[in-house]
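Quick notes on the structure that follows.
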Amino acid sequence: MRLTGHAPAWRLARMAGLVAIGAVVAAFLAGCGAVDTPQTMLFPRSDNNQAINDLYAPLTWLAVVIFIIVQGLLVYSIFRFRVRDDDDDSIPPQIHGNTRLEIVWTLAPSIVVVIMLILTYQTMAVIEADPPPDALRVRVVGHQWWWEVHYPDHDVVTANEIHIPIDRAVYFELESNDVIHSFWVPRLMGKRDLMPGSTNTIWFTPSEEGLYLGQCAEYCGTAHAQMRFHVVVESETAFNNWLERQREPAVEMTGDAAEGAALFVSRACVTCHTIRGTDAIGTIGPDLTHVARRSYIAGGILENTPGNVRNWIGDSQSLKPGNLMVLPVELSEEDIRLLTAYILALK
Ligand SMILES: [Cu+2]
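Using our numbering, the final residue of the sequence shown is 1733, and nothing's skipped along the way.
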């Protein structure tokens, strides 16, 4: 071979290949970082999530150790037993069976599985334990594609925004109105399915105030990805004030809002929505009695701003394609303006 001072092409190609693999690995690892994002499960804010994390961490480290051992042996063998220039072309010695080796590779994984089983059962015992007797009861009914929320001991019904007090256990009774959904608040709890025709339960105690993102975690049709919700963990006082307000019927309307209230009846909104204290008792869509107090509408996807409410009433299908709010009548611009005034006044 002649030395030219230039690296041969195969060497450049190998270098480029290594750089490409390094870039891909780095990109993947970047996704693994413990970053404090709104839907991370790695920074628990409840006892339920803490229990899950206490299982997740040892299992992950166990997997890391096994990975290093197995890949280490693999890499060692590749180099130690590679074909060398002075090898003749004969096949290597053929070995059949090795009792000691087979006992080892049967026992080792069994021990690992038993360790995982014991840890898992310990976590399940914590998560599936009975809730404390003073737990707050909340009944959640999944609908395509929004959440109906009841506080059965307090006569309160709302939608898509669940208020709970800090440091008190909350006991969820989960049902479905149509298909299977899954209730999931990544920072507060693991997933639990909502099944038509039966009630699933789960409970946890939140340990830090804040607004937590939740979402349906079981594919349930067209707008599944937009079936979100929020959990507001707040002080006991703030929670009690909220509860007090939610229990009341809708406030008296005046001006544009009163005209909107009349349209709400004549434009068929009443067939699907309930507004307590009025003739609206429909149950196909969310309870709107205090909708103006919620931070988001439409399954947690739209901020509850005047513009969004207006656009929702004017053309909800363009904002959340496939949603089940289908108006049997055409609304005029003036109708939309007055109905928006009414919705925004439902505090
Ligand atoms: Cu879903």
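Every residue gets a Cβ at the ideal spot worked out from N, C-alpha and C, and that includes glycine.
Rounded Cβ spacing between residue i and residue j (contact assumed at less than 8 Å)
i, j, result
"Met1711", "Gly1671", "6 Å"
"Thr1660", "Ala1647", "No, Thr1660 and Ala1647 are not in contact; Cβ-Cβ is about 14 Å, not under 8 Å."
"Glu1547", "Arg1680", "5 Å"
"Trp1531", "Met1613", "4 Å"
"Ala1643", "Leu1713", "Rounded, the Cβ-Cβ distance is 20 Å, inconsistent with contact."
"Trp1570", "Ala1521", "The pair is not a contact, with the Cβ atoms about 20 Å apart (cut-off 8 Å)."
"Val1656", "Ile1729", "At roughly 13 Å, the Cβ-Cβ gap does not stay under 8 Å, so Val1656 and Ile1729 are not in contact."
"Ala1406", "Thr1509", "About 40 Å separates the two Cβ atoms, so there is no contact after all."
"Ala1555", "Pro1518", "5 Å"
"Gly1693", "Leu1717", "At roughly 16 Å, the Cβ-Cβ gap does not stay under 8 Å, so Gly1693 and Leu1717 are not in contact."
"Leu1732", "Thr1675", "7 Å"
"Asp1721", "Leu1649", "6 Å"
"Thr1544", "Leu1441", "Not confirmed; about 33 Å, so no contact."
Secondary structure of residue i, DSSP reduced to three states
i, result
"Arg1388", "With a pLDDT of only 48 at Arg1388, under 50, the local geometry of the prediction cannot be trusted, and the value read off the model is given with reservation. Correct three-state label for Arg1388: coil."
"Gln1612", "helix"
"Val1735", "The requested residue 1735 is not part of the displayed model; the chain covers only 1387 to 1733."
"Thr1660", "strand"
"Val1421", "coil"
"Leu1713", "coil"
"Leu1649", "helix"
"Val1677", "helix"
"Ala1654", "coil"
"Ala1603", "coil"
"Asp1642", "helix"
"Asp1516", "coil"
One or two residues paired with residue i in a DSSP bridge
i, result
"Ile1588", "Phe1558"
"Ile1548", "Val1617"
"Asp1579", "Ser1568"
"Leu1597", "Val1618"
"Val1542", "Tyr1537"
"Leu1688", "Ile1683"
"Ile1667", "Thr1660"
Range covered by the beta strand (DSSP E) that runs through residue i
i, result
"Tyr1442", "No beta strand (DSSP E) holds Tyr1442; the alpha helix (DSSP H) holding it covers 1433 to 1466."
"Val1527", "1522 to 1529"
"Glu1534", "1532 to 1537"
Where the alpha helix (DSSP H) through residue i begins and ends
i, result
"Phe1625", "1622 to 1633"
"Phe1414", "1395 to 1416"
"Gln1703", "1692 to 1705"
"Ser1496", "1485 to 1513"
"Thr1726", "1719 to 1731"
Taking contact to mean 3 or more Cβ pairs, one atom from each stretch, closer than 8 Å, check whether the segment 1597 to 1616 and the segment 1671 to 1689 are in contact. yes
Taking contact to mean 3 or more Cβ pairs, one atom from each stretch, closer than 8 Å, check whether the segment 1541 to 1553 and the segment 1617 to 1624 are in contact. yes
Touching by the beta-carbon criterion (3+ pairs, under 8 Å), the segment 1579 to 1596 and the segment 1629 to 1647: no
Is the segment 1553 to 1567 close to the segment 1515 to 1531, with three or more CB pairs under 8 Å? yes
Counting Cβ pairs, one atom from each stretch, are 3 or more of them under 8 Å apart for the segment 1572 to 1587 and the segment 1537 to 1544? no
When you compare the segment 1600 to 1618 with the segment 1442 to 1455, are there three or more beta-carbon pairs, one atom per stretch, that lie closer than 8 Å? Judged by Cβ distances under 8 Å, the segment 1600 to 1618 makes no contact with the segment 1442 to 1455, as fewer than three pairs qualify.
Is the segment 1426 to 1440 close to the segment 1564 to 1580, with three or more CB pairs under 8 Å? yes
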